[in-house]
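Read the structure below first, then the notes.
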């Protein structure tokens, strides 16, 4: 299965790079860079030496974790199983010597890599701008690496989850929005183990600043241990990607009513 | 000769709608025309034998193996779908090369095969244009190119000539005829008899999800010939024309319609009638305003075959 | 021999003088929206805030009977039906969120699908103009939005008077129905133009659905980020929701939630509407230019 997966990955990575929509999402992903520039200019003009880490935290937490990666995963994740059916190009792929699970996994890897590159590029540039005067401090890069790792894990997990949505639901976007901006937000206000029924809980457990109060987002985080959180994310990814492969294997090329 | 494609009691329902019913066929190498009106079940049959659809009852085998969820077989099968859909952000060249790489061909081989396929379909000079800028004819040819680029033994073409102008159709027919190779199996579906007739003598007639007839096209043509044709004419002087036509022994019936200028002819030899008509109207100085065939010939054959 | 007569039949009737060419487009759009089961579910759910507030109207006339519900005078104040009550209903998060969800369902594909399937050529081969087409599409969304705003708003007034058994409420606030109408129309037109702007930008309905939601939420997050850093209320102008809340406060003559002149909010939302009109003029054409 490895080689067919790589072939599918390569095909869809190439195709998505060329797509106009990808450019629009890249622009979205670079909005934190514009925000960082504004903050940095403000800091320079006011000649303050206040730490910018809380700013970086609020950009990551607010914008990227709870918005950008959700939007990226919602679009790209649900596209994996449904875009070729909607676009009537499914037969070009399924009449090649690649199995349907290989198609799902290959596309998933391609879209996950692209979304990680999108979110990662914006994060790296924001970080470098906000920490321009401290770039020679090695410890700084640990924070950047942790942020990138959390975003990557988030995209990996959300993409797998929404791939399953795309395979099962006709209105995958609707259910995805309800889950991503309804369930994931609301449940965070619940104490105890209920928070563990969200993906964002495990992501926030991996960030050191999640205990700090952010005015727009007041929540009681009872974090899971980092090792367990990573394991949970991988488990969610594997389960939902597996289910998506299973459902897609039985998909037929029937025009939607 | 061993059958390349075999179906046994192949049936497919879409909910309560019957797509295909109890089709048992053995298809041997050669060119086969799948003929039937719109909605007859041609696309359903082709999708079943290419593994796009799962049979509700029965099964389909290609090269002796079940086709459903058996992707390995697709290195030997080429499929040209009916839908006019592409990855529009790609050029024709990129489309072919990338699909060939999905087959597992290394880069250089994929490029070589793409070049060859584009030469066959005469799209070399447009290969670097985006597919969204292609005309309908170019898109159909590109679809054919992706079906043949990996040199499959079985080529399945679902309405490959739909939407083409007459010149485009002639080019396409020539393409398919040129591509017939030793031992290849090519199945072409259409609802237009002359298109199939230009390609092959072997046809499968399908209607309302059922196979009505299989075999030589001449046998089917004879059925058409035996079945009387009705031709309606609107002319300036129908009585004079009727007087001339009634003398011909291949004219079975001549009727005057309620409209004062309309004449209806019944004949078993359509071609003979149309050969005679121009000379007649010139000789008699009769103006012809309209010629129609109220009965659809293919439908008439099917009605005849199902005993209507 | 020339062709003297064509075979088709001529219609001898006369075309109506006062035609509404946009009406068939609107009627079809509404019909197609209601065909989807999930849309019916979401649209019905969008009336939930109205029912909650209607219950509030009822409780406001029966305060004595519901004394147990109130732990403090401030919670009792919540059930006072006054202009602030209407402002709260019309600018509350859940109603705005549901309106956006309805736009995702009913509005994302309105123009995007026509672009995808090249239907514009079919539309403009009929005797309709571009503005009839746009008006027809707008009217589909306005229908749903006005049902969610004008109808509950006016019903609150009616039920308030019915429960109170007097016309005192309307005599105290005679301008309120006009405020409800004015705000509902402004809000509905803005959300309609916002939705159609995004729908005309791309042929992929899924992508447009996400954009409709994402731009709305992003504007709110952007305000949150800048406010968190600079603590300046002027950043509320970045948020679509905040601008809507400002305008609601203006229409219902209550204190603005942000210390920012209301005229700026009007200008921003109007500018978005004008951009929408300009983009639609460019995108909606019968000939597709392929570059």
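Chains as they are written, first to last, in the working numbering: chain A, 1 to 257; chain B, 1001 to 1308; chain C, 2001 to 2291.
We put the beta carbon where it would ideally sit given N, CA and C, even for glycine.
Partners in chain A for residue 1146 (chain B), counting only beta-carbon separations shorter than 8 Å = 92
Around the Cβ of residue 2103 (chain C), are there at least 16 other Cβ atoms within 10 angstroms (buried) or fewer (exposed)?
-> buried
Taking only runs of the beta strand (DSSP E) that begin and end inside the stretch 1162-1187 of chain B, which ones reach a length of at least 3 residues, in chain order?
-> none
Short Cβ contact (7 Å threshold) for residue 8 (chain A) with residue 166 (chain A) = no
If you follow the beta strand (DSSP E) that residue 1011 (chain B) is part of, which residue opens it and which one closes it?
-> 1005-1014
Hey, does residue 2212 (chain C) have any beta-carbon neighbour from chain A nearer than 7 Å?
-> no
For residue 2207 (chain C) and chain A, any beta-carbon pair shorter than 7 Å?
-> yes
Express the C-alpha separation of residue 233 (chain A) and residue 240 (chain A) in angstroms, rounding to a whole number.
-> 11 Å
Take the Cβ of residue 2227 (chain C) as the centre, count every other Cβ of all protein chains shown within 10 Å, and call the residue buried at 16 or more, exposed below.
-> buried
Can the beta-carbon of residue 224 (chain A) be found closer than 7 Å to that of residue 205 (chain A)?
-> yes
Contiguous alpha helix (DSSP H) assignments of at least 4 residues, all confined to the stretch 66-149 of chain A | 69-86, 90-94, 100-130
With 16 other CB atoms within 10 Å as the buried threshold, where does residue 2118 (chain C) fall?
-> exposed
Along the chain, where does the alpha helix (DSSP H) that runs through residue 2140 (chain C) open and close?
-> 2130-2164
What are the boundary residues of the alpha helix (DSSP H) that residue 1256 (chain B) is part of?
-> No alpha helix (DSSP H) contains residue 1256 (chain B), which is instead part of the beta strand (DSSP E) from 1251-1256.
Given residue 1219 (chain B) as reference, the closest of B:1131, B:1096, B:1203 once Cα atoms are compared | B:1203
Check distances from the C-beta atoms of the stretch 1039-1058 of chain B to those of chain A and list, in chain order, the residues that come in under 9 Å.
-> 1047, 1050, 1051, 1052, 1053, 1054
Have a look at C:2045, C:2202, C:2020, C:2217 and flag the residue whose alpha-carbon is nearest the alpha-carbon of residue 2128 (chain C).
-> C:2020
Interface partners of residue 1089 (chain B) on chain A, CB under 8 Å | 15, 18, 19, 20
Using the beta-carbon count (16 or more within 10 Å), is residue 2202 (chain C) buried or exposed?
-> buried
Verify the CB distance criterion: does residue 2244 (chain C) have a CB-CB separation below 7 Å to chain A?
-> no
Are residue 2106 (chain C) and residue 2205 (chain C) touching if we call contact CB-CB under 7 Å?
-> no
CB-CB under 8 Å to residue 1252 (chain B), same chain, minus the five flanking residues each way: which ones, in chain order?
-> 1228, 1266, 1267, 1268
Does the distance from the C-beta atom of residue 1100 (chain B) to that of residue 1149 (chain B) stay below 7 Å?
-> yes
Could you give the DSSP three-state label for residue 1203 (chain B): helix, strand or coil?
-> strand
Which one or two residues does DSSP pair with residue 1210 (chain B) in a beta bridge?
-> B:1207
Taking C-beta to C-beta, are residue 95 (chain A) and residue 1044 (chain B) nearer than 7 Å?
-> no
Please name the residue or residues paired with residue 1191 (chain B) in a DSSP beta bridge.
-> Answer is none; residue 1191 (chain B) lacks a bridge partner.
Can you check whether the CB of residue 79 (chain A) is closer than 7 Å to the CB of residue 1071 (chain B)?
-> no
So what does DSSP say about residue 213 (chain A), is it helix, strand or coil?
-> With a pLDDT of 45 at residue 213 (chain A), under the threshold of 50, the predicted position of this residue should be treated as unreliable, and no value is reported.
So, helix, strand or coil for residue 1266 (chain B), using DSSP?
-> strand
Determine the burial state of residue 147 (chain A): buried for a count of at least 16 other Cβ atoms within 10 Å of its Cβ, exposed for fewer.
-> buried
Mind checking the stretch 1010-1028 of chain B against chain A and listing, in chain order, the residues whose C-beta falls within less than 8 Å of any C-beta there?
-> 1014
Can you list, in chain order, the residues of its chain whose CB lies under 8 Å from that of residue 2198 (chain C), leaving out five sequence neighbours each side?
-> 2108, 2208, 2211, 2212, 2215
Interface partners of residue 270 (chain A) on chain C, CB under 7 Å = The question about residue 270 (chain A) has no answer here: the residues shown for chain A are numbered 1 through 257.
So with Cβ pairs under 7 Å, would you call residue 99 (chain A) a contact of chain B?
-> yes
Nearest chain A C-beta to residue 1152 (chain B) closer than 7 Å, yes or no?
-> no
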